[in-house]
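Numbering (my numbering), first residue to last: 1 to 292.
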């Protein structure tokens with residue numbers, strides 16, 4: 001299968017490329033300096049040249065707080081870029097898999113969110129990703145799959161795990177929100193899910209894909225500290241983790257308080273169980289050195 005991958009230099013794209021060759025996928029992944037996903041002509045030209053069977057779009061503006069001060073750029077990358085991928089897939093009769101986010105929800109309800117639940121993003125980032133979803137469904141619903149995920153972390157790129165490991169070394173007090181719940185998801189396990197879905201051409205619409213289980217950000221930080229310490233990482237000897245409330249967090253972008261995704265649909269499709277978020281964290285930590 002020939003795959004055209006956008007966002008291959010990011011933490012998810014890196015994991016996809018690392019696994020694809022062993023599964024006999026042929027992946028083309030242009031670097032950002034060579035191609036602008038927001039330029040429709042460029043995307044169309046490349047797709048027509050490569051004639052992929054599948055386009056996977058992992059490219060995104062993911063700096064949630066930064067998006068509040070540069071909404072036009074976030075919309076251009078996350079919405080227009082997604083639309084361009086849909087148009088390119090349609091023009092070449094390729095299937096499209098688009099990555100989206102739990103931040104398309106408001107977080108008002110306290111039970112895991114299903115694909116058909118009402119969306120109401122609280123941030124520019126969430127709004128831009130939702131608009132990307134809507135444009136894909138408008139332009140190419142017949143052969144597109146939108147995969148929503150949550151709280152991605154991996155060995156490549158910026159993420160919560162990397163930030164915590166750095167703060168654990170530098171700070172005596174690290175405060176983390178304890179009333180915002182989600183499902184941490186290792187980029188490696190999501191890459192494996194996406195490559196499984198790549199071989200399911202009949203799957204369309206929207207599906208939720210996260211590692212199993214849920215936790216607050218504070219609980220996640222505690223587990224990062226526990227697992228990293230068990231692997232021999234050394235941190236500030238006076239380190240203290242302190243829980244705080246989302247309402248007290250002074251950040252530009254609002255976050256959903258509860259964005260745990262119901263992955264029942266995905267579980268029905270896969271021929272294997274999802275890994276737990278704890279296992280995903282362990283596999284992430286096993287791939288890095290603790291030099292932050």
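The beta carbon of each residue, even a glycine, is placed where N, CA and C say it ideally should be.
- In the three-state DSSP reduction, residue 133 falls in the helix class (H, G or I).
- In the structure shown, residue 216 falls within a strand segment according to DSSP collapsed to helix, strand and coil.
- Cβ-Cβ distances below 6 angstroms link residue 174 to 167 and 241 in the same chain, with the five nearest sequence neighbours on each side left out; the list follows chain order.
- Here residue 151 is near residue 160, since their CB atoms are less than 9 angstroms apart.
- Take residue 157, set aside five residues on each side of it, and the residues of its chain with a beta-carbon closer than 6 angstroms to its own are 10 and 11, in chain order.
- Taking the C-beta atoms as reference points, residue 82 is found no nearer than 9 angstroms to residue 48.
- The straight-line gap separating the alpha-carbon atoms of residue 285 and residue 221 is approximately 13 angstroms.
- Listed in chain order, the non-local C-beta contacts of residue 123 below 8 angstroms within the same chain comprise 64, 67, 68, 103, 253, 254 and 255, local neighbours out to five positions each way being set aside.
- Taking a cut-off of 8 angstroms for Cβ pairs, the stretch 225-237 and the stretch 269-287 touch, as three or more such pairs fall below it.
- Beta-bridge pairing by DSSP links residue 240 to 173.
- The C-beta distance from residue 144 to residue 98 rounds to 6 angstroms, short enough to fall under 8 angstroms.
- In the structure shown, residue 122 adopts coil according to DSSP, grouped into three states.
- With respect to residue 125, residue 41 sits apart: the two C-beta atoms are not nearer than 9 angstroms.
- When the five nearest sequence neighbours on each side are left out, the beta carbons in the same chain lying within less than 6 angstroms of the beta carbon of residue 133 are those of 100 and 146, in order along the chain.
- Straight-line measurement puts the Cα of residue 55 at about 34 angstroms from the Cα of residue 251.
- C-alpha of residue 7 to C-alpha of residue 181: approximately 27 angstroms in a straight line.
- In the DSSP assignment, residue 288 falls outside any alpha helix (DSSP H) and carries neither an H nor an E.
- Contact between residue 276 and residue 211 holds: their C-beta atoms lie close to 6 angstroms from each other, under 8 angstroms.
- Just measuring C-alpha positions, the residue of 213, 96, 79 and 23 sitting nearest residue 261 is 213.
- A direct Cα-to-Cα measurement between residue 116 and residue 204 gives close to 14 angstroms.
- Cβ contact annotation for residue 270 (same chain, cutoff 8 angstroms, sequence separation greater than five): 193 and 196, in chain order.
- One alpha carbon belongs to residue 155, the other to residue 20, and they sit about 17 angstroms apart.
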